[in-house]
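Trainee: Sending over a structure as structure tokens; questions will come in a sec.
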Amino acid sequence: MTDLPFPDTFPPELREILVPDLSRGAMISASTVQKVRDQLGIDTESLMIRLLPVAAAYARVPLSGFHVGAIVLGSTTGNLYFGSNMEFSGHALSFSVHGEQSAINHAWQMGEQGLLALAVNAAPCGYCRQFMNELASAAHGFNILMRDGAGEDDFSYSTKPLSHYLPESFGPADLGMEGGLMSSQDQSLTIQSEDPLAQAALKAANASYAPYTGGHCGIAVAQSDGTIFTGRYGENAAYNPSFSPLESALALMNMRQPCQTPYAITAATLVEAEAPISQRSATEAVLSAIAPDVQLTYIKANTR
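Residue numbers for the sequence shown follow full-length UniProt numbering, beginning at 1 and rising by one.
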């Protein structure tokens with residue numbers, strides 16, 4: 001990544017420390033975070049607030065023009081993962097990816113199993129509050145950071161638990177479920193195909209989270225340069241905030257490539273377990289809008 005989306009007012013000494021990490025994708029390693037703390041005296045939460053404009057620059061918002069940036073702090077590694085909102089012209093608003101979802105998905109796909117905090121440049125909408133309530137870490141000290149300072153150089157912030165934004169919540173425990181989104185998963189699905197794209201989709205399906213329907217599935221999409229991005233299904237106790245595998249893949253693709261890189265999808269494979277629901281038709285519909293020449297390969301998985 002060469003053209004990094006730093007605001008003009010971003011401190012050059014901070015930019016110099018962050019560029020090596022951000023050149024490889026929209027995340028900051030724990031070691032770099034510690035370097036910022038040691039050399040510049042900026043605490044982790046303040047750094048998250050300062051970086052929100054960078055995350056928001058990745059937003060793809062042809063409909064609203066409203067850029068949302070979000071950053072999460074992983075509990076497994078201490079890394080920071082960026083996210084941004086995405087909209088898709090010609091399709092229902094319900095397929096939009098929210099900034100908070102994007103950041104959480106980014107961390108989940110990079111191996112995190114929990115989060116300590118999320119910073120966002122606008123108060124989380126009700127949809128995102130419900131989505132975050134599915135997290136395995138939602139009831140274990142997961143905090144929302146909001147910037148308080150109005151001045152350009154005022155990065156003061158408030159810290160409140162998710163329960164402040166979603167009192168008397170409905171979540172996995174209400175449906176008799178333990179754990180939650182981002183907890184370790186292995187669905188023991190198999191397929192006969194040895195195709196690399198199919199195997200990547202299978203790996204994503206085995207890491208998916210679908211405790212309410214058993215509709216475990218994953219997708220793999222290939223880019224024109226041969227790069228493969230995967231997406232995994234993330235279900236929600238409230239059903240509607242569930243995160244589709246294609247949303248997951250597109251959100252990851254958006255945050256792991258140079259800012260605003262055009263879509264260049266050449267192939268896509270969806271692997272799905274037998275279940276009372278299916279992601280096939282929704283995936284085909286949205287894929288046809290962003291990659292009209294690509295036909296989805298669909299594979300039904302078996303259970304070991």
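All C-beta atoms, glycine included, are put in the ideal place defined by N, C-alpha and C.
State the start and end residues of the unbroken alpha helix (DSSP H) segment that holds ASN206.
Mentor: Here the alpha helix (DSSP H) through ASN206 covers 196-206.
Trainee: List the endpoints of the continuous beta strand (DSSP E) containing LEU51.
Mentor: Note, LEU51: premise wrong, no beta strand (DSSP E); not H, not E.
Trainee: Ignore the nearest five residues each way along the sequence and tell me which others in ASN79's own chain have a CB closer than 7 Å to its CB.
Mentor: So the qualifying residues of the chain are MET27, ILE28, SER29, ALA30.
Trainee: Do you know offhand how far PRO11's Cα is from LEU47's?
Mentor: Looking at the two C-alpha atoms, the distance is approximately 12 Å.
Trainee: Threshold first: 3 residues or longer. Then list the beta strand (DSSP E) segments lying entirely within the UniProt domain "CMP/dCMP-type deaminase" (43-173), N to C.
Mentor: You should have 69-74, 80-84, 115-120, 143-147, 157-161.
Trainee: Do the stretch 198-206 and the stretch 150-167 touch if we need at least three Cβ pairs shorter than 8 Å?
Mentor: No, because fewer than three Cβ pairs between the stretch 198-206 and the stretch 150-167 fall closer than 8 Å, the two stretches do not touch.
Trainee: Where does GLU235 fall in DSSP's three states?
Mentor: Reduced to three states, the DSSP call for GLU235 is coil.
Trainee: Skipping 5 residues on each side, what residues in its chain have a beta carbon closer than 6 Å to that of GLY180?
Mentor: Closer than 6 Å at Cβ, skipping near neighbours: GLU134, LEU135, ALA136, PRO172.
Trainee: Where does THR44 land, buried or exposed, given buried means 16+ other C-beta within 10 angstroms?
Mentor: THR44 should be labelled buried.
Trainee: Kindly indicate which three-state DSSP category THR261 falls into: helix, strand or coil?
Mentor: THR261: coil per DSSP, three-state reduction.
Trainee: In angstroms with no decimal places, state the Cα-to-Cα distance between THR213 and THR9.
Mentor: Roughly 48 Å separates the two Cα atoms.
Trainee: Quick one: what does DSSP say MET1 is sitting in, helix, strand or coil?
Mentor: Confidence at MET1 is low in this model, with a pLDDT of 45, below 50, so the placement of that residue should be treated as unreliable; the coordinate-derived value is given next. Coil at MET1, not helix or strand.
Trainee: For PHE82 versus ALA117, is the C-beta distance shorter than 9 Å?
Mentor: Cβ distance not < 9 Å, so PHE82 and ALA117 don't count as in contact.
Trainee: Would you call the CB atoms of PHE6 and VAL36 closer than 9 Å?
Mentor: Result no, Cβ atoms of PHE6 and VAL36 do not sit closer than 9 Å.
Trainee: Using the C-alpha atoms, what's the distance from SER94 back to ALA285?
Mentor: Rounded to whole angstroms, ALA285 to SER94 spans 13 Å at the Cα level.
Trainee: Please state whether DSSP places THR227 in a helix, a strand or coil.
Mentor: Three-state result, THR227: coil.
Trainee: Excluding five sequence neighbours on each side, which residues of the same chain lie with their C-beta closer than 6 Å to the C-beta of THR2?
Mentor: Interpretation of THR2 is limited by its pLDDT of 49, a score under 50 that renders its predicted location unreliable; no figure is taken from the coordinates.
Trainee: Are GLU87 and PRO62 touching if we call contact CB-CB under 9 Å?
Mentor: Going by C-beta atoms, GLU87 is nearer than 9 Å to PRO62.
Trainee: Can you give me the Cβ contacts of VAL294 inside the same chain, cut-off strictly under 7 Å, excluding the 5 residues immediately before and after it?
Mentor: For VAL294, where only same-chain residues beyond five positions count, the Cβ hits under 7 Å are ILE265, THR266, ALA267, ALA268, LEU287.
Trainee: Between which two residues does the beta strand (DSSP E) harbouring ARG299 extend?
Mentor: At residue 299 the sequence reads Ile, which differs from the Arg that was named. Its beta strand (DSSP E) spans residues 297-303.
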